[in-house]
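Numbered according to my numbering, the first sequence spans residues 5 to 525. Don't be surprised by glycine CBs; every beta carbon is placed ideally from N, CA and C. Only a predicted model underlies this, so the values are computations on that prediction, with no experimental measurement involved. Worksheet: one structure, shown below.
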Amino acid sequence: MVADVLAIPGPELADRLAQLGGPEAARPREAASTGGDFPDLVGAVPGKVVLRLAPFPSGALHIGHGRMLFINQHYREQYRGKIYLVFDDTIGSEEKRVETEFFGLIEEDLASAGVRPDAVYYKSDRIPNFYPWARRVIDKGGAYVCTCPAELLRENRAHGVACAHRTQTHDETVEEWERMLANAYGPGEAVLRLRTNLADPDPAFRDRVLLRISDIDHPRVGTKYRIWPMLEFSWAVDDIELGITHVIRGKDLVIEDRMQRYIWDLLGITGPPFLHWGILRVREAKVAKSKAYREVKSGQFDGWADPRTWSLRSLDRRGISMEALRAFILSFGMSLSDIEVPAETLYSENRKRIDATTVRRAFVADPVRVEVEAFPDGLETVVLANHPERAELGTRRVPTGPEFFLARRDLEGKGGTEVRLKDLINIELPSTVPAPGQPLRARFTSRENKRIPRLQWVGAQGALPVDILGIEGEHTAGLGEATLAEAKPRDILQFERVGFVRVEQNWVPGTSPLRVAFGHP
RNA sequence: GCUCCUGUAGUCUAGUCCGGUCAAGGAUUCCGCGCCUUCGACGCGGUAACGCGGGUUCGAAUCCCGCCGGGAGCACCA
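What follows is the structure, encoded as structure tokens:
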């Protein structure tokens with residue numbers, strides 16, 4: 005009974021208690037949580053839960069990995085459990101190679117996401133462990149050594165046809181397995197296969213490979229090992245050896261559950277339960293990881309923090325906090341449907357967190373120089389609020405006219421009309437646009453706050469060049485207000501009417517514009 | 001093709017296990033209005049969903065059957 009009560013999630017418990025206590029309340033239905041649903045972990049004992057993160061080290065963590073991170077972290081917190089980082093750096097394949105630089109990169113990404121593993125393991129350190137386990141499977145009659153070429157193996161599998169090796173006796177298998185270990189075979193010449201059922205309705209499940217031979221040079225252990233486990237087998241072993249209590253992973257790995265269970269059943273082991281989440285795609289994140297890898301390697305992308313990678317570090321670069329990402333991701337719960345979400349939802353989550361604390365600054369893209377005639381005296385500078393609602397964010401003093409820069413787009417279709425330079429004065433624009441390169445001559449009209457189109461402006465005095473890195477990797481050049489000279493790297497600012505940006509690099513007068521990365525509107 | 005997973009508004013999600021309290025809640029988007037010297041924020045209002053067809057039942061988003069749609073796996077990758 006007590007256990008039953010403990011199993012009720014906090015909010016629900018409060019709700020139930022409220023119901024018990026307030027028979028007359030009859031208030032509107034309790035607002036559903038904004039987040040998604042996370043089922044309780046079966047058999048989980050608070051304080052005893054052990055989870056694992058198993059990235060393959062072939063790149064920086066991207067937004068999709070975020071789901072792995074934050075879901076596991078969520079459960080870890082709920083049950084006061086542990087998380088191990090287990091690098092899934094088995095040998096991979098020619099196309100999928102382990103690279104040393106990514107171990108550190110991934111650990112950094114985890115740290116930035118606030119996920120501190122209780123331990124770090126490398127699969128490549130654990131290779132000899134797998135051999136006795138393979139032998140146990142063999143001794144249970146659950147595996148055989150197959151020397152069919154990969155193609156034939158695949159074809160037989162598709163048709164449910166057994167090859168000659170399948171009928172191997174236990175002694176023969178042992179002998180062949182010993183020969184594999186003794187380097188009698190080259191890469192691709194022999195594999196240890198699980199003996200399942202060739203009539204299994206799922207063709208993917210028929211006699212899958214457990215271990216195979218590879219001579220690829222591993223960045224951590226070189227060519228020390230030739231017999232490498234496949235992912236499923238390695239986890240059938242390590243989920244037990246590392247004492248993992250719950251395996252929570254993407255649903256692309258469901259067949260691996262079945263493999264692991266099959267092996268455990270064979271050996272009489274009760275393994276941990278599995279939980280899955282569905283595929284998450286962010287609509288704007290179109291670049292596949294493999295393409296991102298190539299573009300980063302070739303220098304087409306600006307490293308792993310290039311916005312086009314949608315890596316965690318690229319989000320950070322853009323001023324999108326890991327807290328916002330976490331809230332965004334947890335809002336989907338453990339749904340198994342495959343979903344595609346617009347980035348706007350993430351932006352909204354981030355906006356909630358930074359809007360109230362972010363100072364406003366002026367920036368104009370594609371600037372047009374405007375000279376204001378009859379510019380009033382005594383208005384050489386003006387004091388502006390750093391935030392329209394938050395007085396506590398203070399003010400700043402910026403130089404004004406009589407020369408200004410306005411955004412070309414803002415001027416379109418406004419010839420001959422009166423417009424307001426936001427927070428400052430009203431001017432009348434000339435009806436004809438002068439030749440390119442020539443300044444526009446406008447005329448001061450009044451200072452009263454009229455309800456006419458308001459334009460963002462930058463006073464020519466002290467204006468400095470700004471370069472915005474966009475999310476497609478494009479650059480937008482423009483001019484920013486003088487106070488941006490003090491902007492420091494990692495500052496988050498809002499360019500009014502443009503969006504939130506994060507400063508990348510100080511302005512270096514005469515040599516380099518102020519570099520910022522665009523976050524979101 | 002086979003296997004598995006999955007279908008609630010434009011997009012996510014709660015509710016489905018244990019049918020009524022759901023004329024379906026929340027978030028986001030979009031539209032309108034208000035407000036502030038932002039195209040942002042905030043406030044108010046609005047549009048908008050149980051994939052389809054049968055069945056069971058007094059009553060179905062919820063149970064049963066059939067159909068249709070979406071996704072993933074079918075590597076000696078992870």
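- Phe-499 is not a Cβ neighbour of Phe-408, given a cutoff of 7 Å.
- Gly-482 is bridged by DSSP to Ala-369, Val-470.
- The three-state secondary structure of Tyr-297, taken from DSSP, is helix.
- Under the three-state reduction of DSSP, Val-54 is assigned to strand.
- Take Ala-489, set aside five residues on each side of it, and the residues of its chain with a beta-carbon closer than 7 Å to its own are Leu-468, Trp-511, in chain order.
- DSSP places Arg-262 in the uninterrupted alpha helix (DSSP H) bounded by 258-271.
- Judged by their CB atoms, Arg-447 and Glu-377 are nearer to each other than the 7 Å cut-off.
- Beta-bridge analysis with DSSP links Asn-430 to Arg-424, Ser-450.
- An exposed status is given to Leu-156, since fewer than 16 other beta-carbon atoms sit within 10 Å of its beta-carbon.
- About 6 Å separates the CB atoms of Val-462 and Gly-484; that is less than 8 Å, so the two are in contact.
- Looking at the DSSP output, Gln-509 shares a beta bridge with Arg-519.
- Taking every protein chain shown into account, the CB of Thr-274 has fewer than 16 other CB atoms within 10 angstroms, so this residue is exposed.
- About 19 Å separates the beta carbons of Ile-456 and Arg-412, which is beyond the 8 Å limit, so they are not a contact pair.
- In this structure, the beta-carbon distance from Arg-287 to Glu-353 does not fall below 7 Å.
- When the beta-carbon positions are compared, Arg-506 and Gly-482 stay at least 7 Å from each other.
- Cβ-Cβ distances below 6 Å link Val-119 to Leu-73, Gln-77 in the same chain, with the five nearest sequence neighbours on each side left out; the list follows chain order.
- Using a Cβ-Cβ distance cut-off of 8 Å, the region 77-97 and the region 292-310 are not in contact, since fewer than three pairs of beta carbons, one from each stretch, lie closer than that value.
- Taking each of Tyr-83, His-479, Gln-509 in turn and checking the Cα distance to Ala-491, the smallest one comes out for Gln-509.
- Secondary structure note for Phe-409: its beta strand (DSSP E) is the uninterrupted segment 407-411.
- In this structure, Ile-431 sits away from Arg-71, with a CB-CB distance that is not shorter than 7 Å.
- For Gly-70, no beta strand (DSSP E) run applies; the uninterrupted alpha helix (DSSP H) run containing it begins and ends at 67-83, by DSSP.
- Close CB contacts of Phe-305 within its chain, under the 8 Å cut and outside five residues either way in sequence, are with Ala-296, Glu-299, Arg-312, Thr-313, Gly-477 (chain order).
- Under DSSP, the beta-bridge partners assigned to Cys-150 are Val-195.
- The DSSP assignment places complete alpha helix (DSSP H) segments of no fewer than 4 residues inside the region 101-150 at 105-116, 131-143, in order along the chain.
- Trp-314: not part of any beta strand (DSSP E); DSSP gives it neither H nor E.
- If you draw a straight line from the Cα of Asp-342 to the Cα of Thr-151, it comes to about 38 Å.
- If you draw a straight line from the Cα of Glu-416 to the Cα of Val-502, it is about 17 Å long.
- The DSSP-derived three-state label of Glu-179 is helix.
- Residue burial is scored here from C-beta neighbours: Leu-45 has at least 16 other C-beta atoms within 10 angstroms and is therefore classed as buried.
- Under the DSSP assignment, Thr-349 falls in the alpha helix (DSSP H) whose first and last residues are 347-358.
- For Trp-239, the enclosing alpha helix (DSSP H) covers residues 235-245.
- When beta bridges are read from the DSSP output, His-222 appears opposite Gly-226.
- By the neighbour-count definition (other C-beta atoms within 10 Å, threshold 16), Ile-259 is an exposed residue.
- Counting only the Cα atoms, Arg-101 lies some 52 Å from Glu-393.
- Our two residues, Ala-464 and Pro-406, have alpha carbons roughly 8 Å apart in a direct line.
- Just so you know, the alpha carbons of Ala-188 and Leu-473 end up roughly 55 Å apart.
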